Structure formats: C-alpha cells, structure tokens
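K.L.:
Everything in the sequence shown is counted per the numbering used here, starting at 4 for the first residue and increasing by one. Just so you know, even glycine gets a beta-carbon here, dropped at the ideal spot from N, CA and C. Small disclaimer: the values here were computed from a predicted structure and weren't measured.
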Amino acid sequence: TVEPVDVLPPGPGEVLVRYVASGFCHSDMHVMNGHSLHALPVILGHEGGGIVEAIGPGVTTCVVGDHVLTSYIPSCGTCRYCTIGRPNLCELRDRPRHLMLDGTTRFRRQDGTPLNHFMQVSSFATHAVLLQEGVIPIRKDAPLDVICLVSCGVTAGMGAVLNRAKVRPGSSVVVFGCGGVGLNVVQAAT
Numbered sequence: 004t005v006e007p008v009d010v011l012p013p014g015p016g017e018v019l020v021r022y023v024a025s026g027f028c029h030s031d032m033h034v035m036n037g038h039s040l041h042a043l044p045v046i047l048g049h050e051g052g053g054i055v056e057a058i059g060p061g062v063t064t065c066v067v068g069d070h071v072l073t074s075y076i077p078s079c080g081t082c083r084y085c086t087i088g089r090p091n092l093c094e095l096r097d098r099p100r101h102l103m104l105d106g107t108t109r110f111r112r113q114d115g116t117p118l119n120h121f122m123q124v125s126s127f128a129t130h131a132v133l134l135q136e137g138v139i140p141i142r143k144d145a146p147l148d149v150i151c152l153v154s155c156g157v158t159a160g161m162g163a164v165l166n167r168a169k170v171r172p173g174s175s176v177v178v179f180g181c182g183g184v185g186l187n188v189v190q191a192a193t
C-alpha cells in the first residue's frame with residue numbers, strides 16, 4: 004500500500020535521510036512474495052540514495068546536507084570482528100535488522116502502529132532513519148538515481164568477481180543471467 008507514515012527523529016548514532024532514489028532488488032521481491040520471512044508490516048527497499056536531513060547525538064560519519072548511499076550490511080569498526088579485519092562478520096549483523104539498535108522502529112502509521120524497517124534501510128519510503136554506519140557519504144555531483152544501485156547490485160556483482168571468484172586478468176568467465184547483479188559481474192570481470 005501507499006500511505007502516509009510518520010518518521011520519528013533520529014536517536015543517538017542515527018541519521019535521517021530523505022531518499023531521492025531507490026533501486027528495486029530481488030531481495031525486496033522475495034519478501035513481497037513470501038519467499039523470505041520478515042517481520043510485517045515492513046517498508047521495503049535497501050538500494051537508496053539520498054540527502055542527510057538530520058543527525059542524532061554522537062553522529063560523526065556525516066553532516067546535514069551530505070549526499071549518501073545506503074549500506075544494508077553496516078560495519079561498526081569497533082567490534083572484535085571489525086578490529087581483526089573481518090567486517091563482513093560485524094556484530095551489528097547479529098541484531099534484528101527490522102528494528103533499530105534500541106529495539107524499536109522509527110516508522111509509525113497514522114494510528115500510531117509501528118512499521119518495521121527492512122535491513123535498517125527502508126529506501127521505499129521518502130524518509131528513513133538509519134544507523135550512521137548504514138550511510139556512506141558520496142560526492143554531491145554523483146546522480147543519486149544511478150548511483151543508488153551501488154548499494155546492492157553493483158557491489159554484489161563486483162564482490163562476486165573480485166572477492167569470491169578472485170578473477171585474474173586473462174581469465175575466462177561465464178555469467179548465467181544478466182540482470183542487475185549479472186551485468187555487474189560482466190563489468191567487473193572485463
């Protein structure tokens with residue numbers, strides 16, 4: 004449904020983003036089709052590009068007016084895994100991703116009913132509160148309607164080539180399926 008939603012102000016370590024653009028990923032579709040279980044009701048979307056409108060106490064990674072991309076896989080930089088160079092295992096990922104770190108949501112229906120976050124991003128909303136670790140400041144001249152795809156599809160495709168397959172110059176690569184991720188596999192392998 005499309006409906007008005009109240010967005011609470013950011014708390015400590017949180018950032019309010021006004022989304023300019025959002026990609027649509029198959030992960031969103033999996034929740035919509037019931038193939039991925041998620042706490043409902045939820046505002047989907049995790050490939051966002053927007054502008055910081057407010058910051059909560061203690062935010063040090065961005066300022067109001069910054070253009071940002073979203074990260075649905077944030078890394079805190081301070082936990083045991085982050086400090087040993089394994090940010091992919093950051094303790095932030097073990098927390099419920101449909102809630103903020105304090106165990107509540109920042110979305111409310113007009114009747115006060117809470118709405119869940121999707122991967123602590125919810126880029127299908129016009130505004131959302133994210134963890135400061137979930138926003139990445141970028142150049143202001145980067146077109147947000149294009150660069151928002153870097154938040155998932157581009158990094159998933161490139162990550163598969165560079166980190167998982169470790170494709171080397173001169174290698175041959177076969178790609179089965181050239182959707183958003185597959186095209187970025189081709190691009191990274193070239």
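Please report the straight-line C-alpha distance between K169 and G14, rounded to a whole angstrom.
P.N.:
Rounded to whole angstroms, K169 to G14 spans 40 Å at the Cα level.
K.L.:
Does the region 122-142 come close enough to the region 39-54 that 3 or more CB-CB pairs lie under 8 Å?
P.N.:
yes
K.L.:
The beta strand (DSSP E) with D9 in it runs from where to where?
P.N.:
For D9, the enclosing beta strand (DSSP E) begins and ends at V8 to V10.
K.L.:
Below 8 Å between beta carbons: does that hold for V132 and V18?
P.N.:
yes
K.L.:
Under 8 Å between the Cβ atoms of A24 and C151?
P.N.:
yes
K.L.:
From the DSSP output, read off the bridge partner residues of F110.
P.N.:
DSSP lists V10 and L118 as partners of F110.
K.L.:
Please list the terminal residues of the continuous beta strand (DSSP E) segment that includes G52.
P.N.:
G51 to I58
K.L.:
Give me the Cβ distance between G26 and C155, rounded to the nearest whole Å; I'm assuming they're in contact under 8 Å.
P.N.:
7 Å
K.L.:
Please give the ranges of any beta strand (DSSP E) in the region 22-87, keeping only runs that are unbroken, at least 3 residues long and fully inside the region.
P.N.:
51-58 and 70-73
K.L.:
Alpha carbon to alpha carbon, what distance is there between T129 and G106?
P.N.:
22 Å
K.L.:
Find the nearest neighbour of V67 within the set V20, L40, M35 and P44, judged by alpha-carbon distance.
P.N.:
V20
K.L.:
Taking C-beta to C-beta, are L118 and P44 nearer than 8 Å?
P.N.:
yes
K.L.:
Is it buried or exposed, G16, if we count other Cβ atoms within 10 angstroms and call 16 or more buried?
P.N.:
Buried: at least 16 other Cβ atoms inside 10 Å.
K.L.:
Given this structure, state the Cα-to-Cα distance separating C65 from S74, to the nearest angstrom.
P.N.:
About 14 Å.
K.L.:
If you draw a straight line from the alpha carbon of N187 to that of T158, how long is it in whole angstroms?
P.N.:
When the Cα atoms are used, N187 and T158 turn out to be separated by approximately 8 Å.
K.L.:
Contact defined as beta carbons within less than 8 Å: I believe F110 pairs with V177. What is the distance between those atoms, to the nearest angstrom?
P.N.:
So it is not a contact: roughly 42 Å between Cβ atoms.
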